[in-house]
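Right, one structure below, let's go through it.
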Amino acid sequence: MKEKRKILVLLSGGMDSATLLWLAKREFDEVYAISFDYGQRHRVELKYAEELAKLAGVKEHFVVEVPHYRSIKGSALIDESVEVPSGEYPQNEPPITTVPMRNLTFLAIAAGFADAYEIPVIGIGVHALDAPYPDCRPEFVAAAEAAINAGSTFVAKTKNRLQVYAPFLGMTKADIAKLGMELGVPFEKTYSCYRGTEPPCGECPTCLQREEALRAAGFYQK
Numbered sequence: 001m002k003e004k005r006k007i008l009v010l011l012s013g014g015m016d017s018a019t020l021l022w023l024a025k026r027e028f029d030e031v032y033a034i035s036f037d038y039g040q041r042h043r044v045e046l047k048y049a050e051e052l053a054k055l056a057g058v059k060e061h062f063v064v065e066v067p068h069y070r071s072i073k074g075s076a077l078i079d080e081s082v083e084v085p086s087g088e089y090p091q092n093e094p095p096i097t098t099v100p101m102r103n104l105t106f107l108a109i110a111a112g113f114a115d116a117y118e119i120p121v122i123g124i125g126v127h128a129l130d131a132p133y134p135d136c137r138p139e140f141v142a143a144a145e146a147a148i149n150a151g152s153t154f155v156a157k158t159k160n161r162l163q164v165y166a167p168f169l170g171m172t173k174a175d176i177a178k179l180g181m182e183l184g185v186p187f188e189k190t191y192s193c194y195r196g197t198e199p200p201c202g203e204c205p206t207c208l209q210r211e212e213a214l215r216a217a218g219f220y221q222k
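Just so we're aligned, residue 1 is where the sequence shown starts under the numbering used here, counting upward by one.
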């Protein structure tokens with residue numbers, strides 16, 4: 001009997017991770033999802049992540065609290081005293097919405113679940129337009145994968161490798177939106193506003209990126 005291909009997808013509730021989840025549904029036999037409550041201003045995204053996980057029919061959806069981020073200051077996503085800016089992201093420096101080591105933390109936690117459940121692939125939806133964030137770059141993904149393999153009980157036991165699957169690294173957000181439409185992703189059930197308002201503010205960098213990507217993909221012409 002052929003062994004099932006399993007993947008654990010990092011699911012925020014936004015359009016990138018939703019597209020990754022639907023791609024995983026197509027490419028893998030058994031899909032798990034993991035989301036994080038880290039005191040983010042836009043915690044409402046977890047409600048969307050839960051619904052997306054149900055719609056995708058994942059095997060299991062883990063929601064993990066990461067409370068230490070509530071003690072870290074200076075990021076607009078976790079520090080209420082710092083305002084989420086309007087307009088586009090800066091191109092040559094990490095934006096004020098950077099959460100220190102967020103993806104490293106999330107991948108480390110996900111790796112623990114992958115070890116325990118013997119899931120050989122962890123999926124993360126970082127992409128080309130995330131490049132101002134240091135923990136969204138190809139060199140970070142490669143280094144994180146190497147560290148996970150060095151410390152994995154699953155790897156030591158099976159002699160297999162654990163892959164950090166980041167298929168969008170060379171893609172723009174518009175590319176991801178187009179792929180999502182092909183896959184049937186319900187973008188109307190995703191959430192991307194960093195201010196955490198309902199309805200979304202439409203002014204913060206991630207709202208603007210989302211709108212631009214969906215328009216470029218022809219989502220509103222359906």
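A virtual CB, placed ideally from N, CA and C, is assigned to each residue, including glycine.
The beta-carbon separation of Asp37 and Val63, rounded to 6 Å, stays under the 8 Å limit for a contact.
Taking the CA atoms as reference points, Phe219 sits about 15 Å from Tyr191. Annotation: Asn149 to Phe140 spans about 14 Å, alpha carbon to alpha carbon. Going by DSSP, Gln209 is part of no beta strand (DSSP E) but of the alpha helix (DSSP H) stretching over 205 to 217. Closest option to Arg215, judged by alpha-carbon separation, among Phe187, Cys193, Glu83, Ala147: Phe187. Around the CB of Glu145, 16 or more other CB atoms lie within 10 Å, so the residue is classed as buried. The beta carbon of Gly196 lies closer than 7 Å to those of Arg41, His42, Arg43, Val44 in the same chain, with the five residues before and after it left out.
Within a 10 Å sphere around the beta-carbon of Asp16 sit 16 or more other beta-carbons, which makes this residue buried. Counted as a single uninterrupted DSSP element, the alpha helix (DSSP H) harbouring Ile148 occupies residues 138 to 151. For the set Glu198, Leu8, Gly39, Gly184, the Cα lying nearest the Cα of Glu30 is the one of Leu8.
Going by beta carbons, Tyr117 and Pro205 fall outside the 7 Å limit. Straight-line measurement puts the Cα of Glu93 at about 31 Å from the Cα of Val121.
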